[in-house]
Amino acid sequence: MRHGDKIKNLSRTASHRRALLSNLASQLITHKRVVTTLAKAKALRVYVEPLITKAKENTTHQRRVVFSYLQDKEAITELFSTVSEKVAGRPGGYTRIIKLGARVGDNAETALIELVDFNEIYGKGKGEAKETAKRTRRGGSRKKGTDKTEEVAEAATVVDEAPVEKEKKAKK
């Protein structure tokens with residue numbers, strides 16, 4: 001029986017599993033996304049999220065703690081500079097797992113694990129938050145002044161009148 005056994009062994013010894021997760025975490029931090037099997041992605045999420053939380057506090061002690069897990073200087077530098085700045089306001093949930101389907105060779109279920117704040121497709125992009133009105137299926141009447149076509153028409157007439165006024169002043 002496996003009562004209370006929470007660790008995902010991934011059919012590996014402890015040292016092999018530690019090395020595997022360390023390498024996957026380093027690659028995830030460096031490249032911002034990794035394609036692997038679903039089981040490894042789920043194990044990696046549990047492994048890397050506490051490290052990202054530690055990176056929010058940029059002290060020598062936290063760097064040494066994270067280095068004991070990753071053993072990769074470039075990944076540590078990237079984590080404590082770029083990644084920690086992006087996730088500073090996020091209280092957790094730094095990674096996203098997207099299932100990709102079965103692998104051709106061995107039919108293993110693959111997944112893409114990525115850092116949430118580094119994906120421009122799902123996120124807001126580079127500071128360009130698009131504001132859209134909430135759409136409902138109910139008819140309802142619109143309030144006057146909320147229609148975008150009226151605002152565009154008013155702006156166009158203001159733009160068109162400005163050169164005419166300048167010409168009149170120039171003739172006088």
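Numbering (the numbering used here), first residue to last: 1 to 172. Even glycine gets a Cβ: it sits at the ideal position worked out from N, Cα and C. The model shown is predicted, which means the values in this text are computed figures rather than measured ones.
Tell me whether residue 5 counts as near the ligand GTP, meaning its Cβ is closer than 6 Å to at least one heavy atom of that ligand.
Ligands in the displayed structure: none, and consequently the ligand GTP is not present.
> Is there contact here, the stretch 38-58 with the stretch 78-88, by at least three beta-carbon pairs under 8 Å?
Replying inline: yes
Check the DSSP bridge columns for residue 33 and list the partner residues they point to.
Numbered from 1 along the sequence shown, position 33 holds the residue referred to as residue 33. Per DSSP, the beta bridge partners of residue 33 are 114.
- Query: Of all the options 34, 45 and 84, which has the alpha carbon lying nearest to the alpha carbon of residue 62?
  - Reply: For the purposes of this step, residue 62 is taken as the residue at position 62 of the sequence shown. Measuring from the Cα of residue 62, the nearest candidate turns out to be 84.
Could you give the distance in angstroms between the alpha-carbon of residue 159 and the alpha-carbon of residue 116? Here residue 159 is taken as the residue at index 159 of the sequence shown, counted from 1. Here residue 116 is taken as the residue at index 116 of the sequence shown, counted from 1. Low per-residue confidence applies at residue 159: pLDDT is 47, beneath 50, and the placement is therefore not dependable enough to give any value.
Point to revise | When 27, 93 and 40 are compared against residue 73, the one with the closest alpha-carbon | key: As a working mapping, residue 73 is identified with position 73 in the sequence shown. Residue 73 has its Cα closest to that of 27, out of 27, 93 and 40.
| query | If you pair each beta-carbon of the stretch 15-26 with each one of the stretch 84-102, do three or more pairs fall below 8 Å? | reply | no
Contacting residues, own chain, Cβ-Cβ under 6 Å from residue 108 (five flanking each side not counted)
Against the sequence shown, residue 108 aligns to sequence position 108. Around residue 108: 37.
Return the chain-ordered list of same chain residues with a C-beta closer than 6 Å to the C-beta of residue 98, the five sequence neighbours on each side being excluded. On the sequence shown, position 98 is the one that residue 98 refers to. 112.
| Going by other Cβ atoms of all chains shown within 10 Å of its Cβ, with 16 needed for buried, is residue 6 buried or exposed? | As a position in the sequence shown, residue 6 is number 6, starting the count at 1. Exposed: under 16 other Cβ atoms inside 10 Å.
Self-check item: Cα-Cα separation between residue 11 and residue 42, rounded to whole angstroms
Solution: Your numbering for residue 11 matches position 11 in the sequence shown. Your numbering for residue 42 matches position 42 in the sequence shown. Using only the alpha carbons, I get a separation of about 14 Å.
### Task
Tell me where the beta strand (DSSP E) around residue 42 begins and ends.
Here residue 42 refers to the residue found at position 42 when the sequence shown is read from its first residue. Element bounds for residue 42: not the beta strand (DSSP E) but the alpha helix (DSSP H), 38-55.
Fill in: CA-to-CA distance, residue 94 to residue 129, given in whole angstroms
By 1-based counting over the sequence shown, the position of residue 129 is 129. By 1-based counting over the sequence shown, the position of residue 94 is 94. Residue confidence for residue 129 is low, a pLDDT of 46 falling below 50, so the modelled location carries little weight and cannot support an answer.
Distance, residue 104 Cα to residue 70 Cα:
Numbered from its first residue, the sequence shown carries residue 70 at position 70. Numbered from its first residue, the sequence shown carries residue 104 at position 104. Roughly 31 Å between the two C-alpha positions.
Report yes if the C-beta distance between residue 32 and residue 118 is below 7 Å; otherwise report no. Mapped onto the sequence shown, residue 32 falls at position 32. Mapped onto the sequence shown, residue 118 falls at position 118. Contact flag set, yes.
Should residue 114 be labelled buried (16 or more other beta-carbon atoms within 10 Å of its own) or exposed?
Here residue 114 refers to the residue found at position 114 when the sequence shown is read from its first residue. Burial call: buried.
request  = With DSSP collapsed to three states, give me the class of residue 76.
outcome  = Position 76 of the sequence shown, counted from the first residue, corresponds to residue 76. Residue 76 falls in the helix class under three-state DSSP.
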